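S.K.: Supplied in structure tokens, the structure appears directly below.
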Amino acid sequence: MKAISFAAGCLFASTALAQEPVLTVYAGDYVVSEWGPGPKIEEMFEARCGCDLQFKPGDLLPRLLLEGERTEADVVFGLNTDVTKRARESGLFAPHGVDLSPLTLPIDWTDDTFLPYNYGETAFVYDSSRLPEPPTSFDALLDAPDDLKIVIQDPRSSISGLAMALWVQSIYGDGAEDAWRKLAPKILTVTKGWSESYGLFTDGEADMVLSYTTSPAYHIIAEDDHSKKALIFPEGNYFMVELAAKVAISDQPELAQEFMEFLLTPEFQQMIATGNWSFPAALPHDEWPEGFKELELPSKVLFYSEDEAAALRDEAIEAWRRGLSQ
Amino acid sequence: MASRPLAISAALIAAGLVLALVLGPVAAVLARAGGWGTLGPGDWQALRFTLWQSLLSAAFSVALAIPVARALARRRFPGRGLLISLLGAPFILPTIVAVLGLIAVFGQNGLINVTLRALGLKGFSIYGLHGVVLAHVFFNLPLATRLLLQGWLAIPAERFRLAASLGLSPRAMFRTLELPMLLRIAPGAFAVIFVICLSSFAVALTLGGGPRATTVELAIYQAVRFDFDLGRAALLSVIQLGLALAAGLVALRLGTGGGFGAGLDRMVTRWDGRTGLSRVMDAAWIALAALFLLTPLGMVVARGLPGLAQLGTGSWAAAWNSLTVALASTLLCLAWALPLSTRWGEWVGLVGLAVSPLVLGTGLFLIVRPFVNPLSLALPVTTLVNALVALPFALRILRPEAEAVRADYARLAQALGLTPLAWIRLVLLPRLRRPLGFAAGLTAALSIGDLGVIALFPDPERATLPLQVYRLMGSYQMEPAAGAALLLLIFSFGAFWLCDRGGRANADA
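Order-wise, the sequence lines are chains A and B.
Quick note: the first sequence uses UniProt numbering, first residue 1, plus one each step.
Quick note: the second sequence uses UniProt numbering, first residue 1, plus one each step.
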């Protein structure tokens with residue numbers, strides 16, 4: 001008898017579980033780790049939706065394009081403008097319908113499909129205790145002595161590397177290849193992704209690393225280390241924004257909509273700064289966490305729309321390859 | 001012989017599975033792409049660089065391994081077994097960990113440059129083609145050494161006894177006994193290492209210093225994960241496969257010559273090499289190899305120790321997943337390798353190593369996708385691919401001795417009328433014990449350190465240890481990442497040591 005009621009209990013429990021709606025969110029791999037924002041987002045959103053939020057980590061766009069109409073995703077979390085043209089053309093996404101007036105981005109944002117939740121700019125990060133007088137502009141960096149060593153990422157294998165190729169393209173235009181040629185002797189090496197580069201930098205192998213304007217916030221807040229700084233260049237730093245979008249064929253459209261609305265709430269925005277180590281997209285500067293407030297902000301932000309980025313991408317990568325191959 | 005048809009059909013099934021698992025995904029990718037892509041401007045340069053660095057890396061690895069293996073084969077000293085095991089460790093390290101270990105020794109701020117500068121000398125840079133070759137020798141010298149050492153130990157002791165009683169000079173002994181063995185083993189070792197280096201990507205990029213050091217594998221990565229150009233990925237993957245098969249073909253053609261006939265499995269004692277000079281030379285080779293291979297490992301350990309205490313539950317769960325996957329893929333790989341341990345079987349096995357894991361993963365994704373959610377298969381697929389990738393190594397280790405056993409004992413077995421089962425139990429397995437242990441250890445360790453397919457289908461609850469290292473680094477957690485890397489080193493080395501030791505128990509060699 002006991003066994004039967006136990007079995008019935010199990011059955012009941014599993015059906016109850018099955019009735020709880022599931023919101024499937026595809027996200028970058030770093031999001032879901034125990035140090036990423038994933039666990040906090042899950043906890044915060046589940047507390048308000050009465051649903052089960054499930055992250056599926058991995059490469060976002062390749063995966064979506066592979067799956068096409070058969071995708072399980074309801075929401076995609078973590079695209080950026082250098083790939084959104086391709087994503088938009090897939091026709092997989094629906095308008096987000098979220099009021100954009102709370103946005104506090106350094107650029108105007110009117111996109112009705114891709115919703116920004118945090119941003120940063122590409123920047124060279126250095127250790128001010130090791131390098132007291134860093135170059136103060138991109139031009140000065142190109143003219144710096146060759147023993148100043150920097151590590152960057154390959155634009156063919158990393159988003160930040162691609163952003164840098166577009167950054168140089170945006171400052172130097174047709175002279176991008178020459179700029180790369182001048183920079184070449186100072187490039188210690190090129191790595192596949194950001195992790196390897198940053199590892200080399202923290203090991204003291206290079207003086208500077210291609211990273212983000214927000215990287216010093218991690219060292220200030222988590223390590224109380226104020227020596228890591230990002231270089232703000234008068235030519236401008238390249239703007240990178242992280243975006244979420246709703247999948248058109250989602251079987252949980254209301255939940256997906258609720259999630260999109262949730263991204264711009266003060267609650268989420270307060271969390272994402274330290275959760276993802278980047279600037280919140282919809283939070284006034286004076287409400288930013290301590291540590292972020294003391295960061296120096298670029299006076300000029302360089303930005304390519306997704307059409308421009310898509311059109312210039314191959315050219316920028318080729319300029320990079322030729323400039324560094326000589 | 002009664003076991004012959006049975007053995008042939010087992011081999012055919014195993015070979016068919018390998019080919020289906022490799023060519024199926026490539027075909028699936030190609031079908032989805034709707035045709036071949038075209039090569040970009042940088043691709044020819046990448047192709048040339050890939051070939052050149054693979055040739056150099058394989059040549060240096062094998063050439064340096066010859067004196068080291070010879071020294072290890074003819075010297076007995078306390079801790080020799082442990083040293084041989086330890087020397088295998090670099091091969092099984094995940095790329096990122098090994099690269100950071102190498103940089104800690106050879107980098108701008110590494111041990112050597114710091115010492116040079118302290119002495120008032122000019123430092124050197126590890127970044128460039130020489131850095132790529134250095135790293136590949138670091139990875140593959142241990143493998144080449146072990147493969148050659150197996151060859152030396154497979155020469156029956158009776159031959160050396162006979163050579164000594166005939167009063168052969170060391171040079172004549174080398175020519176009659178050791179050179180034929182080298183000609184048989186070295187081309188295969190060269191081919192396997194050449195193929196491994198063909199698909200190198202993160203190492204070549206990080207230590208190559210820039211786009212000049214681009215390999216075909218990077219172009220595949222870009223095509224799959226950045227441009228989503230599956231046609232181009234399939235084309236590049238087939239080019240890579242062609243290069244590997246060409247290398248394999250050349251090696252198999254070169255690596256001919258029979259075994260040495262049957263011996264009585266006595267311990268190998270060498271009458272040459274008793275002079276003072278040869279003792280000093282052998283000691284120097286062993287010491288240099290140990291220094292070169294163990295110092296970067298020591299740096300990984302030193303950097304990882306503080307981080308070990310900071311590891312969260314995620315890292316331990318990942319370690320458990322890695323162990324489970326390793327155990328399963330080792331069993332699968334050995335079951336695959338035994339029937340395929342023939343000349344043509346080895347050729348088939350090489351295919352698994354030659355196809356880009358990215359294309360393999362994407363193809364498998366496309367194949368299983370209509371039936372199940374690929375994420376739920378993350379670990380089984382990883383197991384399968386790891387077994388496939390380790391298969392050529394297992395075959396390279398098993399084949400020479402398996403063939404020798406067949407050649408030497410098949411007639412005896414036939415005369416005695418042994419059943420297939422009795423043949424396997426009484427003759428084959430006991431004689432293959434040493435290479436089997438080595439192969440199992442290598443497969444387990446490779447599998448623990450692998451970050452290939454799992455990166456395509458990462459499931460939040462089912463990370464493996466290498467993936468965890470990357471996730472930690474991606475969240476600025478450099479110290480725990482170093483700790484997780486050390487954990488990875490301990491686990492993969494532990495697995496290797498256990499299997500390898502099991503295989504060498506009761507063997508004097």
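Yeah, the Cβ is synthetic: ideal placement off N, Cα and C, and Gly gets one too.
What you are looking at is a predicted structure, and each value in this text was computed from that prediction instead of being measured.
If you follow the alpha helix (DSSP H) that A/Y30 is part of, which residue opens it and which one closes it?
M.R.: Position 30 of the first sequence, counting from 1, holds the residue named residue 30 of chain A. D29 to V32 is the extent of the alpha helix (DSSP H) around A/Y30.
S.K.: Bridge partners of B/V229, per DSSP?
M.R.: One-based indexing of the second sequence puts residue 229 of chain B at position 229. Position check: residue 229 of chain B holds Asp in this sequence, whereas Val was assumed. Answer is none; B/D229 lacks a bridge partner.
S.K.: Could you tell me the distance, in whole angstroms, from the CA atom of B/A223 to the CA atom of B/V114?
M.R.: Here residue 223 of chain B corresponds to residue number 223 of the second sequence, with the count starting at 1. Here residue 114 of chain B corresponds to residue number 114 of the second sequence, with the count starting at 1. Roughly 40 Å separates the two Cα atoms.
S.K.: Measure from the alpha carbon of B/L72 to the alpha carbon of each residue in B/G208, B/A63 and B/I84, then state which is nearest.
M.R.: Residue mapping note: residue 72 of chain B aligns to position 72 of the second sequence, counting from 1. Of the listed residues, the one whose Cα sits closest to B/L72 is B/I84.
S.K.: Do B/A20 and B/G345 count as a contact pair if the criterion is CB distance below 9 Å?
M.R.: Position 345 of the second sequence, counting from 1, holds the residue named residue 345 of chain B. Position 20 of the second sequence, counting from 1, holds the residue named residue 20 of chain B. No, these two residues do not count as a Cβ contact at 9 Å.
S.K.: Looking at C-alpha atoms only, which residue of A/K300, A/S299, A/V301 and A/P284 is the closest neighbour of A/K293?
M.R.: Taking the first residue of the first sequence as 1, we reach residue 293 of chain A at position 293. Ranking A/K300, A/S299, A/V301 and A/P284 by Cα distance to A/K293 puts A/P284 first.
S.K.: How is B/V192 classed by DSSP in three states: helix, strand or coil?
M.R.: By 1-based counting over the second sequence, the position of residue 192 of chain B is 192. The answer is helix: DSSP assigns B/V192 an H, G or I state.
S.K.: Quick one: which chain B residues come within Cβ less than 8 Å of A/V76?
M.R.: Position 76 of the first sequence, counted from the start, is the residue given in the question as residue 76 of chain A. None at all; the shortest Cβ gap to chain B is about 15 Å.
S.K.: In three-state terms, what does DSSP make of A/I221?
M.R.: Here the question's residue 221 of chain A lines up with position 221 in the first sequence. Three-state result, A/I221: helix.
S.K.: Under 9 Å between beta-carbons, which chain A residues line up against B/M299? List them in chain order, please.
M.R.: Position 299 of the second sequence, counted from the first residue, corresponds to residue 299 of chain B. The premise fails here: B/M299 is roughly 10 Å from chain A at the closest Cβ pair, so nothing lies under 9 Å.
S.K.: Identify the continuous alpha helix (DSSP H) that holds A/D111 and give its terminal residues.
M.R.: To locate residue 111 of chain A, count along the first sequence from 1; it is residue 111. Run containing A/D111: none; DSSP gives neither H nor E here.
S.K.: So what's A/S157 in DSSP terms, helix, strand or just coil?
M.R.: For this step, residue 157 of chain A is matched to residue 157 along the first sequence. Coil.
S.K.: The beta strand (DSSP E) with B/V133 in it runs from where to where?
M.R.: Taking the second sequence and counting its residues from 1, the one referred to as residue 133 of chain B is at position 133. Per DSSP, B/V133 belongs to no beta strand (DSSP E); it is in the alpha helix (DSSP H), L129 to A154.
S.K.: If you check the beta carbons only, do B/V381 and B/V368 fall under 9 Å apart?
M.R.: Position 381 of the second sequence, counted from the start, is the residue given in the question as residue 381 of chain B. Position 368 of the second sequence, counted from the start, is the residue given in the question as residue 368 of chain B. Contact flag set, yes.
S.K.: Give me the Cα-Cα distance between A/G50 and A/N276, rounded to the nearest whole angstrom.
M.R.: Within the first sequence, the letter at position 50 stands for residue 50 of chain A. Within the first sequence, the letter at position 276 stands for residue 276 of chain A. Those two C-alpha atoms are separated by around 25 Å.
S.K.: Are the region 196-216 of chain A and the region 100-114 of chain A touching, with three or more C-beta to C-beta distances below 8 Å?
M.R.: Judged by Cβ distances under 8 Å, the region 196-216 of chain A makes no contact with the region 100-114 of chain A, as fewer than three pairs qualify.
S.K.: Let me check understanding here. Comparing Cα to Cα, which of B/D229, B/T464, B/T295 and B/V97 lies closest to B/A319?
M.R.: Within the second sequence, the letter at position 319 stands for residue 319 of chain B. Answer by Cα proximity: B/T464.
S.K.: Kindly give me the distance between the Cβ atoms of B/A144 and B/A204, rounded to whole angstroms, as I take these residues to be in contact under 8 Å.
M.R.: In the second sequence, counting from the first residue as 1, residue 144 of chain B sits at position 144. In the second sequence, counting from the first residue as 1, residue 204 of chain B sits at position 204. The pair is not a contact, with the Cβ atoms about 19 Å apart (cut-off 8 Å).
S.K.: With DSSP collapsed to three states, give me the class of A/K85.
M.R.: As a working note, residue 85 of chain A is residue 85 in the first sequence. Residue state, collapsed to three classes: helix.
S.K.: Using the beta-carbon count (16 or more within 10 Å), is residue 330 of chain A buried or exposed?
M.R.: No answer is possible for residue 330 of chain A: it lies beyond the span of chain A, which begins at 1 and ends at 326.
S.K.: Mind checking whether B/F194 and B/L87 have CB atoms under 9 Å apart?
M.R.: Counted from its first residue, the second sequence places residue 194 of chain B at position 194. Counted from its first residue, the second sequence places residue 87 of chain B at position 87. Their beta carbons are not under 9 Å apart, which means B/F194 does not touch B/L87 by this criterion.
S.K.: Starting from B/F228, find everything on chain A with Cβ-Cβ shorter than 9 Å and list it in chain order.
M.R.: Locating residue 228 of chain B in the second sequence gives position 228, where the first residue counts as 1. Neighbours of B/F228 on chain A, chain order: L61, P62, L65, L66 and R86.
S.K.: Could you work out which residues of chain B lie near A/S157, taking near to mean beta carbons separated by less than 8 Å?
M.R.: As a working mapping, residue 157 of chain A is identified with position 157 in the first sequence. Going along chain B in sequence order, the residues near A/S157 (Cβ under 8 Å) are L205, L218, Y221, Q222, R225 and F226.
S.K.: Can you name the residues of chain B whose CB is closer than 9 Å to the CB of A/S137?
M.R.: The count along the first sequence starts at 1 and reaches residue 137 of chain A at position 137. Near A/S137 there are no residues of chain B at all, since even the closest Cβ is about 23 Å away, more than 9 Å.
S.K.: Using a 10 Å radius around the Cβ and a threshold of 16 neighbouring Cβ atoms, would you call A/V247 buried or exposed?
M.R.: One-based indexing of the first sequence puts residue 247 of chain A at position 247. So A/V247 counts as buried.
S.K.: Any beta carbon of chain B sitting closer than 9 Å to that of A/Y198?
M.R.: Taking the first sequence and counting its residues from 1, one reaches residue 198 of chain A at position 198. Yes, because at least one Cβ of chain B sits closer than 9 Å to the Cβ of A/Y198.
S.K.: I want to verify the contact list: residues of chain A whose CB lies under 8 Å from the CB of B/D361, in sequence order.
M.R.: Position 361 of the second sequence, counting from 1, holds the residue named residue 361 of chain B. Note that residue 361 of chain B is Gly in the sequence shown, not Asp. Within 8 Å Cβ-Cβ: nothing; B/G361 doesn't reach chain A, min ~11 Å.
S.K.: Applying the 10 Å Cβ sphere with the 16-neighbour rule, what's the burial state of B/N386?
M.R.: On the second sequence, position 386 is the one that residue 386 of chain B refers to. Classification for B/N386: buried.
S.K.: Got a sec? Which residues, its chain only, sit under 8 Å from B/D229 by beta carbon, not counting five neighbours each side?
M.R.: As a position in the second sequence, residue 229 of chain B is number 229, starting the count at 1. Hits under 8 Å: A33, G37 and A223.
S.K.: For B/S278, which of helix, strand or coil comes out of DSSP?
M.R.: Position 278 of the second sequence, counting from 1, holds the residue named residue 278 of chain B. Note: B/S278 maps to helix in three-state DSSP.
S.K.: Using the rule of at least 16 other Cβ atoms within 10 Å of the residue's Cβ for burial, across every protein chain shown, is B/T313 buried or exposed?
M.R.: Position 313 of the second sequence holds residue 313 of chain B. With fewer than 16 Cβ atoms within 10 Å of its Cβ, B/T313 is classed as exposed.
S.K.: One question on the structure: do B/L426 and B/A402 come within less than 9 Å of each other, judged by their Cβ atoms?
M.R.: Numbered from its first residue, the second sequence carries residue 426 of chain B at position 426. Numbered from its first residue, the second sequence carries residue 402 of chain B at position 402. No, Cβ-Cβ distance for B/L426 and B/A402 is not below 9 Å.
S.K.: Identify whether A/G78 lies in helix, strand or coil by the three-state DSSP scheme.
M.R.: Walking along the first sequence from the start, residue 78 of chain A turns up at place 78. Strand at A/G78.
S.K.: Taking the alpha helix (DSSP H) that B/F91 falls in, what are its first and last residues?
M.R.: Here the question's residue 91 of chain B lines up with position 91 in the second sequence. Per DSSP, B/F91 belongs to the alpha helix (DSSP H) from A89 to I92.
S.K.: Using the beta-carbon of each residue, which ones in chain B are nearer than 7 Å to A/S325?
M.R.: As a position in the first sequence, residue 325 of chain A is number 325, starting the count at 1. Those are P211 and R212, listed as they occur along chain B.
S.K.: Assess contact between the region 138-154 of chain B and the region 208-226 of chain B, defined as three or more Cβ pairs (one per stretch) separated by less than 8 Å. Is contact present?
M.R.: Flag = no, the region 138-154 of chain B and the region 208-226 of chain B do not touch.
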